[in-house]
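First residue of the sequence shown? That's 6 in the numbering used here, and the numbers climb one at a time after it.
By construction, the Cβ of each residue, glycine as well, lies at the ideal position given by its N, Cα and C atoms.
Since the model is a prediction, treat every value here as computed from it, not as a measurement.
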Amino acid sequence: MSAVEAMGRISQIQSTIRSLTQPSAQQAMGVAVLGSGTASTATSAAGASLATTSTTSAVQALTGASASTGTSQDFATQLAALSGAAAVAPTPASASGPTGADLVAEARKYVGVPYVWGGATPQGLDCSGLVKLSLSALGVDMPRVAREQMTQGTPVASLDQAEPGDLLVFDGGSHIGIYLGEGRMIDAPKPGDRVRERDVYETPTAIRRVLPTASEAAAAAAAAAPALSTAAQVEQLLASSAADRSSMTALLGDAA
């Protein structure tokens, strides 16, 4: 559920809570004023209290609020806290994108394609063309030439810290390849050659990470999980509020 949908659900909850708590509180007060000592009246008042208490507890569980007096104002305060939490929750979609491993898999599709200076198609590729074409297939737009590509993403300190899918830049931006891991890379080396895998032949000028590793993507997914959990709890609170109201109405009807 998106944050917008969650906010819509919260508005429904607020309306439900108002209709649940205010009439029930008034009816409970009316019972007290009349001084009725019948078992059915006591049961209806208890039902109203139970419905209000259970809904209050659910809101407190979601918001982390302490025990309240059960008034409409308390509900409004707690629901406002819940609304704020849902509004600022991270969007889960950022966790499901491509990773460096996906870039490696994409680049390997072009092994054997002949080197063509300025080429950026499956019929012919140069070094930066291979990088651009592979990333484009994953929905990532990159500059055309290596010197501009080396400014993208985030820096990686050394080859020891590089992960599959990182970009390896050589000779100040004259050449670029894609790291495979274990000291290997894939690139389009030079005229007369083809796209191929080989050992990293020298220390890179720069290493850039334009896509997250699998572990980084997993961490992002874990960070997004609370947003999904909150949305699910909002759904449950809405359903339980409706059930509480139905039960209370039945009890009050019996008492009447």
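Asked: Along the chain, where does the alpha helix (DSSP H) containing L140 start, and where does it finish?; Found: 132-141
Asked: Going by beta carbon distance, what residues of the same chain come within less than 6 Å of S71, once the five residues before and after it are set aside?; Found: Residue placement at S71 is poorly supported in this model, since its pLDDT is 49, which falls under 50; the coordinates are not used for a value here.
Asked: R214 bridges to which residues according to DSSP?; Found: T159
Asked: Does the beta-carbon of K137 have 16 or more other beta-carbons within 10 angstroms, so that it is buried, or is it exposed?; Found: buried
Asked: Looking only at its chain, what residues have a beta carbon closer than 6 Å to the beta carbon of E168, apart from the 5 residues adjacent to it on each side?; Found: G105, T218
Asked: Could you give the first and the last residue of the continuous beta strand (DSSP E) run that contains E202?; Found: 201-204
Asked: Would you report the Cα separation of I191 and A222, rounded to the nearest angstrom?; Found: 23 Å
Asked: Along the chain, where does the beta strand (DSSP E) containing D192 start, and where does it finish?; Found: 189-192
Asked: For G182, report the span of its beta strand (DSSP E) as first-last.; Found: 180-186
Asked: How is P97 classed by DSSP in three states: helix, strand or coil?; Found: Confidence at P97 is low in this model, with a pLDDT of 41, below 50, so its placement is unreliable and the value that follows should be read with caution. Helix at P97.
Asked: Any idea if R189 is buried or exposed, counting beta-carbon neighbours within 10 angstroms, 16 or more meaning buried?; Found: exposed
Asked: Taking the alpha carbon of Y206 as the reference point, which residue from V200, Q154, R214, P194 has its own alpha carbon closest?; Found: P194
Asked: Given L185, which residues of its chain have a CB within under 7 Å of its CB, disregarding the five upstream and five downstream residues?; Found: V109, P169, I191, E202
Asked: Based on Cα-Cα distance, which residue from S163, C132, S139 lies nearest to R152?; Found: C132
Asked: Determine the DSSP secondary structure at A92, reduced to helix, strand or coil.; Found: Summary for A92: the model assigns pLDDT 45, below 50, so the residue's position carries little reliability; its value from the coordinates is reported in the next sentence. The answer is helix: DSSP assigns A92 an H, G or I state.
Asked: How about V215 and L140: do their beta carbons lie closer than 9 Å?; Found: yes
Asked: Which one of G124, D107, T210, E111 has the shortest CA to CA distance from V161?; Found: T210
Asked: Tell me the residue span of the beta strand (DSSP E) that contains L173.; Found: 172-175
Asked: So what does A125 bridge to, in DSSP terms?; Found: L130
Asked: Name the residue from Q128, A112, P103 whose alpha carbon lies nearest to the alpha carbon of I181.; Found: A112
Asked: So, at 6 Å on beta carbons, what are the nonlocal neighbours of G158 in its own chain, with the 5 sequence-adjacent residues on each side left out?; Found: R213, R214, V215
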